[in-house]
Every structure is written in C-alpha cells, then in structure tokens.
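Numbering (the working numbering), first residue to last: 145 to 336. Following: one structure in structure tokens, then a few remarks.
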Amino acid sequence: MIDIANILLIVLAVIVLTVCVLWFVVPLATGLPWVPSHEKRIRKALQMAGLQPGERLYDLGAGDGRVLVIAAREFGAFAVGIEISPVHCLIAWFRALFCGMNRQISIRCSSFFSTRIEEADVVFAYVTPGYASRLRPFLERQLKNGAQVVTLSAEIEGWQPDDIDSSELVFLYHMPPTSGSIATYLSAKVIK
Ligand SMILES: C[S@@+](CC[C@H](N)C(=O)[O-])C[C@H]1O[C@@H](n2cnc3c(N)ncnc32)[C@H](O)[C@@H]1O
145 MIDIANILLI VLAVIVLTVC VLWFVVPLAT GLPWVPSHEK RIRKALQMAG
195 LQPGERLYDL GAGDGRVLVI AAREFGAFAV GIEISPVHCL IAWFRALFCG
245 MNRQISIRCS SFFSTRIEEA DVVFAYVTPG YASRLRPFLE RQLKNGAQVV
295 TLSAEIEGWQ PDDIDSSELV FLYHMPPTSG SIATYLSAKV IK
C-alpha cells in the first residue's frame, strides 16, 4: 500500500523534474540557450552605454536577472527583463526581491519579439549571431533615436559599432544606426 509520505515524495520528484526540464528545455528550444554573462562583462557593457540613473534598461533574454540587478543597483536604472523561460522569470523575480530592487526591476515573461520596447534608453542583448540578425529589424522598428544598444559576443550585421571592447567582446551601437560593420569602424578609427 502507498502511504502519504510516498505520495508526497512522488509529487515532489515530479515538480523537481518538471522545473529541471523547463530550466534546460525552454531556452534550448528557442535556439538561444541560457548562458549567464560574467558580471565584469555586464558592467563593461553598461559603462560603454553610459547608462544613467533613471534611464530604462531592457535586457532581451534576461535569464536569471543578473543584468537587471546590476543595472538597478549600481547604475540607478529602471530595468526591464524580457525572458521566455518561466522558471528563469521566477528566479529573476526572486533575485530582484531578495536584492531589494523589486521597485526598480520588472520582468516580462514572453518572447522579446512580441514585446514593445520603445521606451528603452539602453538595450542589452547577449545573443548568438543568428539572433542578432533577427533582432536588427525589430530594434530598427521600435527604438527611439538616441537609444543605445549593447550586444555581447555577436555584432549586428549591417550596423557600424560606435565602440568595441575586444577583451570582453562587447559592441556598442546607437539609434538610428550608422550603416557599416566592424571593418568600417576600424577604418574610421585609423583615419582619425
Ligand atoms: C545567453 S542567455 C543571456 C542571459 C542574460 N541576459 C545574461 O546576460 O546573463 C539568453 C536568454 O534568452 C532567453 N531567450 C531566448 N529566446 C528568447 C526570446 N525569444 N524571448 C525572450 N527570451 C529569450 C533564454 O531563455 C536565455 O535565458
């Protein structure tokens, strides 16, 4: 006979298994798995963007919310995280709460492609090159003039960066973007 303790154990095991599956499967299924940024890279990217107190920072694919906490706590920004994985959303939400930053941080649990981001002053995106190409028309459509975009690891094809940090592999752009590439950025620097 199964007693109540065994039933509870089975229920707990099913919950843990479901959370683990969601944790790995949802980000993997998007083609953009969860790979957290190192804090040093996050600070470098936000410094390059010149993020100011009171500005709005959007993290496209917020993962566990670490970018949001640094943006809110160290830069005084209002940080919005958009994340497709419900488990990561929950963790990001708890992280903001435990850091006492929940008034400055909000989490939207959805795909960033179906989210409005016109209010963004700075957009942070740690994405693959494939995702960076898909982001380009989305950003061009939505962002206001003067907004800054920082990408980690992947450049946005067709846009000339304003700045590159080659050791942390961070690319900075502004809206509207100058058409070009890393090559035009480097040649402009040489001419200067
Ligand atoms: C490389 S991680 C970056 C996490 C975080 N920004 C950081 O730098 O630590 C990418 C995140 O994007 C999420 N993601 C993938 N596709 C997405 C989409 N279409 N909309 C929202 N989030 C997405 C994944 O679940 C994953 O957590």
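Quick reminder that beta carbons are idealized off the backbone N, C-alpha and C, glycines included.
Roughly how far, in whole angstroms, is the beta-carbon of G324 from the beta-carbon of Q304, given that I think they are within contact range, below 8 Å? Right, the Cβ-Cβ distance comes to about 3 Å (below 8 Å), so this counts as a contact.
Around the C-beta of L190, are 16 or more other C-beta atoms found within 10 angstroms, so that it is buried, or is it exposed? buried
In whole angstroms, give me the CA-to-CA distance for D265 and F282. 15 Å
Three-state class that DSSP yields for C138 in the structure shown: With the chain represented from 145 up to 336, any question about residue 138 goes unanswered, as that position is not in the structure.
Assess contact between the region 218-225 and the region 269-278, defined as three or more Cβ pairs (one per stretch) separated by less than 8 Å. Is contact present? Pairwise C-beta distances place the region 218-225 out of contact with the region 269-278, as fewer than three of them are shorter than 8 Å.
In the DSSP output, what is G225 paired with across the bridge? D203 and I251
Rounded Cβ spacing between I226 and A240 (contact assumed at less than 8 Å): In fact, because the Cβ distance is near 14 Å, the residues do not count as touching under 8 Å.
CB of L296 within 8 Å of CB of L313, strictly: yes
Indicate the three-state DSSP secondary structure (helix, strand or coil) for S323 in the structure shown. strand
Grab me the residues of L176's own chain with a C-beta within less than 8 Å of its C-beta, minus the 5 sequence neighbours each way, in chain order. G205, V271, T272 and Y275
Is it buried or exposed, F242, if we count other Cβ atoms within 10 angstroms and call 16 or more buried? exposed
Rounded separation between F168 and V231 - CA only: 10 Å
Quick check: Y317 and I300, are their CB atoms within less than 8 Å of each other? yes
Pull the bridge partners of Q292 from the DSSP assignment, please. In the DSSP assignment, Q292 is bridged to V266 and H318.
Where do the ends of the beta strand (DSSP E) carrying I308 lie? In the DSSP assignment, I308 falls within the beta strand (DSSP E) that extends over D307 to D309.
Identify the continuous alpha helix (DSSP H) that holds G302 and give its terminal residues. Neither: G302 is in no alpha helix (DSSP H) and is coded neither H nor E.
Judging by CA-CA distance, which residue of S229, L234, C233 and H182 is the nearest neighbour of I214? For the residues S229, L234, C233 and H182, the minimum Cα distance to I214 belongs to H182.
Taking only the alpha-carbon atoms, compute the straight-line gap between K188 and V155 and give it to the nearest angstrom. 44 Å
CB-CB under 6 Å to P171, same chain, minus the five flanking residues each way: which ones, in chain order? Same-chain partners within the cutoff: P177, W178 and S229.
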